[in-house]
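All remarks here apply to the structure that follows.
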Amino acid sequence: MIVPVGHVEPVPRRIRGYAANLPLLDTVRARYVWLWPGYPQYCIPREDVRDGVLLDEGRSMALRIGRARRLTLRLGSLTRPGAAWEWADDTPGVAGFVSFRWEAVDAWFEEDEQVFVHPRSPYTRVDALRSSRDVRVMLDGAVLADAPSSVMVLETGLPTRYYLDRVHIDWTRMQPTDTVTSCPYKGKTSAYWSVATDAGTYPDLAWAYDFPTRQVTPIAGLVAFYNEQVDIHLDGHLLPRPTAVTRATWERDHPA
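Numbering (full-length UniProt numbering), first residue to last: 1 to 256.
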């Protein structure tokens, strides 16, 4: 968490948003603003938002870095109260700009690539590295996976994740679930599994991205486990389970 709350900087990318299958915003002049250290919000020039779709509710909001006017989004038959806010004239760096609740916009794009969950931070790095180090995953003494190699995903603010080929997993202990999650850096999951051991069943401990974002294509079709809830042995050495506050925890406890 290296960016202070209140920091503002230009977004060097075209940002577009759609609601009700219609263009809502399109700008190359957006700015990032950090309302909390984990990741930024987009700020959009008012003139780069579709005309006539933002209605002033006559209410002001006190946010972490200043005051703003609350706005309703009305587009076609769609009405979303509190969908956006316009920053007050005395808010440094973003006065007169508009920010949206992420879920109030149906689809966000940076250039021509869709972005999920929240804007990507320019200070977060994600590397997917092939590794020939042995990885064994265990829980309650049962071996869930024993792989001679992996793809290691190293992501700022999160523990290293080890993505394993499916042939090295004990599928007799894996139970598919309907869970789907999204990540701004990796995309949307295609599968989740609970894990069954002699001691019980643990929900949603493993997942896969069959169609990840271009930046992490090496993990396509591979399976990873939550380090926080299983025992991972790397080259025969037991890794400590992560206990620090991760970015995912921060997002859960600090919603937009």
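Heads up, the beta-carbon is just placed ideally off N, CA and C, and yes, glycines get one too.
Unbroken beta strand (DSSP E) run spanning residue i, endpoints
| i | result |
| --- | --- |
| D146 | 142-147 |
| L54 | 54-63 |
| R161 | 161-163 |
| S99 | 97-100 |
| V126 | 126-131 |
| R80 | 78-87 |
| T27 | 22-27 |
| L71 | 66-75 |
| A208 | 200-208 |
| F116 | From DSSP, F116 is part of no beta strand (DSSP E); its letter is neither H nor E. |
| P45 | 41-45 |
Spatial distance of residue i from residue j (CA atoms)
| i | j | result |
| --- | --- | --- |
| G52 | A68 | 19 Å |
| P81 | D90 | 24 Å |
| R130 | P218 | 8 Å |
| R31 | E113 | 18 Å |
| F225 | A88 | 45 Å |
| L239 | R133 | 13 Å |
| E86 | G96 | 6 Å |
| Q175 | T201 | 9 Å |
| R16 | L73 | 16 Å |
| T213 | T189 | 11 Å |
| H237 | L154 | 19 Å |
Whether residue i touches residue j by CB criterion (9 Å)
| i | j | result |
| --- | --- | --- |
| S194 | D204 | yes |
| R50 | L22 | yes |
| W207 | A196 | no |
| D48 | R70 | no |
Supposed close pair residue i, residue j - CB separation, criterion 8 Å
| i | j | result |
| --- | --- | --- |
| V8 | G93 | 3 Å |
| I2 | Y123 | 6 Å |
| L164 | A145 | 5 Å |
Below-9 Å beta-carbon distance, residue i vs any chain C residue
| i | result |
| --- | --- |
| A88 | Going by chain labels, chain C is absent from the structure shown, which holds only one protein chain. |
Spell out a yes or no on whether the region 149-159 and the region 169-176 are touching, meaning 3 or more CB-CB pairs, one atom from each, closer than 8 Å.
no
Looking at C-beta atoms only, is the number of pairs between the region 131-142 and the region 225-239 that lie closer than 8 Å three or more?
yes
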